[in-house]
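Residues are numbered in the working numbering as their position in the sequence shown, beginning at 1, plus a constant of 1408. Everything on this sheet refers to the single structure shown next.
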Amino acid sequence: MTAAPAALLPDAPSGWREECGVAGVLCRDRSLPAAPLVHLALYALQHRGQESAGIAAGDGHGIVLHRDL
């Protein structure tokens, strides 16, 4: 059975809007560099606008966050 996107989020406002983008990269193999994948994801999302931006990175022991509104 296939549901319409609005049916999956019953509390969503009517009419879908595109205002932001979220991307994530999880590398369980530490020999794989995540930075090129993050760069590619951010490049793909750059058309979403510059209202605000942020990035978070973790090393398995903590997460560092930088954001700018």
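Think of the CB as a built atom: it goes at the ideal place given N, C-alpha and C, for glycine as much as any other residue. Only a predicted model underlies this, so the values are computations on that prediction, with no experimental measurement involved.
{"Query": "Considering only residues of the segment 1433-1467, which uninterrupted alpha helix (DSSP H) runs meet the minimum length of 4 residues and lie entirely inside it, listed in chain order?", "Result": "1443-1453"}
{"Query": "For M1409 and L1450, what's the separation of their Cα atoms in angstroms?", "Result": "In this prediction, M1409 scores a pLDDT of 49, lower than 50, which makes its location untrustworthy; no coordinate-derived value is stated."}
{"Query": "If we ignore side chains and look at the alpha-carbon of each, how far apart do H1482 and G1429 end up?", "Result": "With the chain running from 1409 to 1477 in the structure shown, residue 1482 is simply not present."}
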